[in-house]
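Engineer:
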Amino acid sequence: MKKIITIFLLLTLLLTVILGLTGCDNQTNIDDVKSKITQELNYLDTKIINILNKLNNISLQNYTITSEEISLGQKSSSGSSGESSSSGGESSGGSGSSGPESEGQQEQSNSQNQSGSESNKSNITTTKMEPKSVLESDENDIDWKSIKNEIEIINEAWGVVILDLSTLNVNNDNILGFSSALDDSILSIKDEKKPETLTNLAKLYSFIPKIENSISAENSTQNIKQVKSYVINAYSLVEQDNWTEIQTNISESEETFNNLINDMEYMKDKEYKVNKTYVLIKELQNSLGYKDKKMFYIKYKNLMESINTL
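In the numbering used here, the protein residues as written are 20 to 329.
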């Protein structure tokens with residue numbers, strides 16, 4: 020009887036260990052998927068904001084690098100070939116060669132001269148840094164070709180994200196909402212309609228913090244994405260001169276950002292960056308009284324640059 024009890028206890032212990040290990044493996048897989056989705060959402064974040072900025076020719080970099088190709092030619096080699104050709108002609112004449120043969124040799128020599136000259140031509144590429152000024156940018160000179168390419172890249176990336184989200188219990192409303200907003204963005208970009216594209220992209224971005232919440236991402240990550248969403252909403256409304264709604268969205272961004280400030284654990288290593296970003300939110304908020312597009316874009320650019328460092 021004691022032997023049976025002992026065997027039973029050992030089997031129970033073994034089963035408990037197996038179940039525990041299986042549970043650990045499952046949790047590890049879930050964590051890996053969440054980490055992958057977070058990276059994918061960060062990628063979509065960058066791509067969406069990049070398109071939004073292109074619609075007003077805003078760059079989050081102060082300078083851009085441009086390149087130019089220059090063709091160079093060297094004449095020294097062709098001169099040397101010419102002298103060789105002349106010498107060959109005299110030799111042919113002295114040996115009593117007929118006219119056609121002499122002409123053939125001359126053509127061959129000319130061909131060699133041309134080949135030698137071309138072989139010494141080379142191209143070099145020069146690069147230079149050009150300042151990117153918000154005040155001097157042309158909001159109406161939109162590179163739609165580049166934007167169309169970018170939205171297709173987002174569409175392809177979203178297909179991968181959906182597959183990863185399907186492995187977790189993510190709210191289907193958010194997935195369907197993102198897909199619908201993406202379709203609307205594609206159509207407005209196809210038709211090159213700027214105001215509609217700004218509105219659709221802002222709506223598209225708004226689903227990123229919602230999905231972050233669905234996968235239980237870190238609170239700081241969710242708060243940062245939500246702050247950006249409010250700022251992007253405000254940015255999309257500038258084209259419509261809807262300064263009342265712009266003010267509301269910036270106020271919402273400040274309120275959400277206060278959650279980050281109150282996160283003592285997060286503030287430990289990033290106090291300076293967080294405080295700087297908060298000041299820039301207030302700077303943008305205080306500038307709204309001017310109701311000036313260029314003023315807003317300058318403040319927006321500085322704020323987004325700072326948020327991206329958090």
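Idealized CB from N, CA, C, for every residue including glycine.
Closest by CA to GLU155, which one among ASN327, ASP260, MET314, LEU322?
Structural biologist: With distances taken between Cα atoms, GLU155 lies closest to MET314.
Engineer: Three-state secondary structure (DSSP) at GLU88?
Structural biologist: Here GLU88 sits in strand by DSSP.
Engineer: Which runs of the beta strand (DSSP E) at least 3 residues long sit entirely within the region 236 to 277? Give them in chain order.
Structural biologist: Complete beta strand (DSSP E) runs here, min 3: none at all.
Engineer: Output needed for SER248: all residues of its chain with C-beta closer than 6 Å, excluding positions within five of it in sequence on either side, in chain order.
Structural biologist: For SER248, where only same-chain residues beyond five positions count, the Cβ hits under 6 Å are TYR224, SER225, PRO228.
Engineer: From the DSSP output, in three-state form, read off ASN219 for me.
Structural biologist: If DSSP states are grouped into helix, strand and coil, ASN219 belongs with the helices.
Engineer: Where does SER233 land, buried or exposed, given buried means 16+ other C-beta within 10 angstroms?
Structural biologist: So SER233 counts as buried.
Engineer: Would you give the residue range spanned by the alpha helix (DSSP H) that SER156 belongs to?
Structural biologist: Taken as a continuous stretch (DSSP letters only), SER156 belongs to no alpha helix (DSSP H), as it is neither H nor E.
Engineer: Using the three-state DSSP reduction, which class does THR144 fall into: helix, strand or coil?
Structural biologist: Looking at THR144 - three-state DSSP - the assignment turns out to be strand.
Engineer: In its own chain, which residues sit with a C-beta less than 6 Å from the C-beta of LYS222, not counting the 5 before and 5 after it?
Structural biologist: Excluding sequence neighbours, LYS222 sits near ALA200.
Engineer: Does the Cβ of ASN294 lie closer than 7 Å to at least one heavy atom of the ligand SAH?
Structural biologist: Because no ligand of any kind appears in the structure shown, any question about the ligand SAH cannot be addressed here.
Engineer: Near GLU122, what residues of its chain come up, given a Cβ to Cβ distance below 8 Å and the 5 sequence neighbours on each side ignored?
Structural biologist: Any answer about GLU122 is weak, because its pLDDT of 48 lies below 50 and its placement is not dependable; what the coordinates show is given next. So no residue of the chain qualifies.
Engineer: Which of the three DSSP states, helix, strand or coil, is assigned to SER78?
Structural biologist: SER78 falls in the coil class under three-state DSSP.
Engineer: Any chance the region 256 to 272 sits against the region 284 to 298, with 3 or more Cβ pairs inside 8 Å?
Structural biologist: Result no; under three Cβ-Cβ pairs closer than 8 Å.
Engineer: Taking the continuous alpha helix (DSSP H) assigned at GLY196, which residues delimit it?
Structural biologist: Start and end: 191 to 209.
Engineer: Does the region 208 to 219 come within contact of the region 274 to 281, defined as at least 3 CB pairs closer than 8 Å?
Structural biologist: Counting Cβ pairs under 8 Å, fewer than three are found: no touch.
Engineer: Could you check the C-alpha separation between ALA176 and ILE300 for me, to the nearest Å?
Structural biologist: Spanning the two alpha carbons is a distance of roughly 31 Å.
Engineer: Pick from GLU324, LYS318, ILE265, ILE230: whose alpha carbon is nearest that of GLN58?
Structural biologist: Per the Cα distances, ILE230.
Engineer: Can you tell me where the alpha helix (DSSP H) with LYS313 in it begins and where it stops?
Structural biologist: Looking at the DSSP string, the run of the alpha helix (DSSP H) that includes LYS313 is 312 to 326.
Engineer: What's the C-alpha gap between ASN242 and ASP162?
Structural biologist: Each residue's alpha carbon lies about 32 Å from the other.
Engineer: Could you tell me the distance, in whole angstroms, from the CA atom of GLY196 to the CA atom of THR186?
Structural biologist: Cα to Cα, GLY196 sits roughly 18 Å from THR186.
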